[in-house]
Amino acid sequence: MIAFEDGRTDYYQEKMLTALADAYRKSKKDSGTNRINRRTGLKPEKLYPQYRQNSGEPAEISALNTAAEDCRKMGFVTMLKSISEIAPYVPFGKSKE
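In the working numbering, the protein residues as written are 279 to 375.
Here is the structure:
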């Protein structure tokens, strides 16, 4: 793990988990009716718009990647297709994806 002294990793961890929770709450998954078993996804560009652009700051991209990896290690998220999409952790066999 790379330590970012300016707190960027913590910033992206909080932003990532908040965005996933908000997306989940806005979906039918949380309403109790029309229950569906799908993951709530989040693209890195939602957290850092220049993530896939050449003008993206390498330190920001690295902080975001580190934050996603740390959240994965803690069991909060899974990363699909490398880091192209971040989703909350769903135990094996619980999702009908």
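For glycine and all other residues, C-beta sits at the position ideal for the given N, C-alpha and C.
Can you give me the Cβ contacts of residue i inside the same chain, cut-off strictly under 6 Å, excluding the 5 residues immediately before and after it?
i      : result
Thr296 : none
Glu338 : Tyr326
Asp284 : none
Would you mind stating whether residue i and residue j have Cβ atoms separated by less than 8 Å?
i      : j      : result
Thr356 : Thr287 : no
Met294 : Leu320 : yes
Tyr329 : Pro336 : no
What whole-angstrom Cβ distance do residue i and residue j have, given they're in contact under 8 Å?
i      : j      : result
Leu325 : Tyr290 : 6 Å
Tell me which residues share the same chain as residue i and place their Cβ nearer than 7 Å to its Cβ, disregarding the 5 neighbours each side in the sequence.
i      : result
Met279 : Legend: pLDDT at Met279 = 43, less than 50; position of this residue unreliable, no value from coordinates given.
Ala341 : Phe282, Arg286, Thr287 and Tyr290
Arg392 : There is simply no residue 392 to check, as the chain begins at 279 and stops at 375 in what is shown.
Below 8 Å CB to CB, which residues in the same chain sit around residue i once its five sequence neighbours on both sides are set aside?
i      : result
Lys304 : none
Scan the stretch 301–353 and note each continuous alpha helix (DSSP H) run of 4 residues or more that stays entirely inside, going in chain order. Uninterrupted alpha helix (DSSP H) stretches at least 4 residues long and entirely within the stretch 301–353 occur at 322–325 and 336–351, given in chain order.
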